Amino acid sequence: MLTIAYIGNGKSTNRYHLPFATKVAGIQIKTIYNRSLKDTWSPLEHVNYTTNLQDVFLDPAIQLVVVCTPASSHYEFAKACLEHGKHVLVEKPFCETSNQARELFALAKEKQLFIQCYQNRRFDSDFLTVQQVIESQALGELLEVEMHFDYYRPEIPEHSTFSAVDSYLYGHGCHTIDQVLSYWGQPDAIHYDVRQLLGPGRMNDYFDLDFYYGTLKVSVKSSYFRLKERPSFVVYGQDGVFTKQSKDRQEADLKRFYMPTNDDFGLDRPEHYGMLTYLDHNDEPQEKAIPSQTGDYSRLYEGVYQSIVHGAPKVVKDEETILLMEILENGIKGLN
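Here you go:
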């Protein structure tokens, strides 16, 4: 049994963590801390809700603490958890700087404790489906990958000022950049195009990063001003192209409170399937719909359970998190 407490009781905890942690056999949620107790989210039965952080730190039954607070406080809370002898899972972005990340990993190693970033987007349906298509060799040699993570939320940058940790790159690049690093590894080079579309002093609301792996270019593009979203993935190879228009549906279902307890939670319907376009043996273009892989964020929690209880390797390696933090730091450098 792995007994868990949460620091933070907002959208992150209730929408992106609890529905998936509770799916994993062997996980027990004991305590949720928040500075104030509000009834915004329905409380879980048999869980202790508290405004006293010591109820988390001083309870010997609690083995793992999940930090789901604003990113600017991740380092502070994660370090305190480690100092109190707790394993830690930290929402993304992991912290504010790569030096903070190195310090936390070093402290965890010194105390023989587990700490990891919650990179649940590795288990997005569209990303898993792209991997399947690439590995099927249907595209031949890979040439270029375009990844888009778009929104139309102009009110957010219009009513904000610049902050590195609250930038669009930190808040959303941490999803797609981690996908790139988890699958293709450390790139040979990176080209950065990170902008403040509304001008200096406003939040970063756009980014376009190119990762180079030999002749392969993997591009990560995102904006708050896309009234019509670009395809989630476009993958080009010498022998064909795969286009996945729609994103993973887990977030969309969660937003309408359609939970993972439903058998069809997060599942693509045929109209959401990606399209493989290729040349047949007669060099005639053909199209084929590719059924989507099943996305499941509980796989991240299953991995955490296996690492802490059975000593399995971490799903998200320390060096991947440090590299991601370095990329975020470099990308936001020079903005103000």
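Residue numbers (UniProt numbering): 1 to 336. No residue lacks a Cβ here, since even glycine has one placed at the ideal position from N, Cα and C. Everything numeric in this text was worked out from a predicted model, so none of it was measured.
query	result
Bridge partners - Asp208, DSSP secondary structure assignment	Asp193, Lys221
Sequence-distant residues of its chain with Cβ nearer than 7 Å to Phe94 (five each side left out)	His74, Ala101, Cys117, Thr321, Met325
Min CB distance Glu251 to chain D below 9 Å	Absent from the structure: chain D. Only one protein chain is present.
Unbroken stretches of the alpha helix (DSSP H), 4 residues or longer, contained in the region 56 to 93	74 to 83
Cβ contact check for the region 129 to 148 and the region 287 to 298: 3 or more pairs under 8 Å	yes
Beta-ladder partner(s) of His148, from DSSP	Lys221
Cutoff 7 Å; reference Ile156; Cβ partners in own chain excluding five residues on either side	Tyr224
4-residue-minimum alpha helix (DSSP H) runs that sit fully inside the region 153 to 186, ordered along the chain	155 to 158, 174 to 184
CB contact flag (Tyr6, Cys68, <9 Å)	yes
Residue span of the alpha helix (DSSP H) that contains Gly331, given as start and end	318 to 332
Separation of Val66 from Ile29, as counted between CA atoms	10 Å
Endpoints, the beta strand (DSSP E) within which Glu287 is located	285 to 290
Three-state class that DSSP yields for Leu227 in the structure shown	coil
Beta carbon of Phe207 nearer than 9 Å to that of Arg195	yes
Proximity below 9 Å, CB of Met147 to CB of Val218	yes
First and last residue of the uninterrupted beta strand (DSSP E) at Thr243	240 to 244
Pro200 versus Pro154: straight-line alpha-carbon distance, rounded	16 Å
Among His46, Val56, Met1, nearest to Lys86 - alpha-carbon criterion	Val56
DSSP beta-bridge partners of Lys48	In the sequence under discussion, the amino acid at residue 48 is Asn, which differs from the Lys named in the question. Answer is Thr31.
Candidates Val90, Thr40, Gln245, of which the one nearest His272 by Cα	Gln245
Ala5 - DSSP class collapsed to helix/strand/coil	strand
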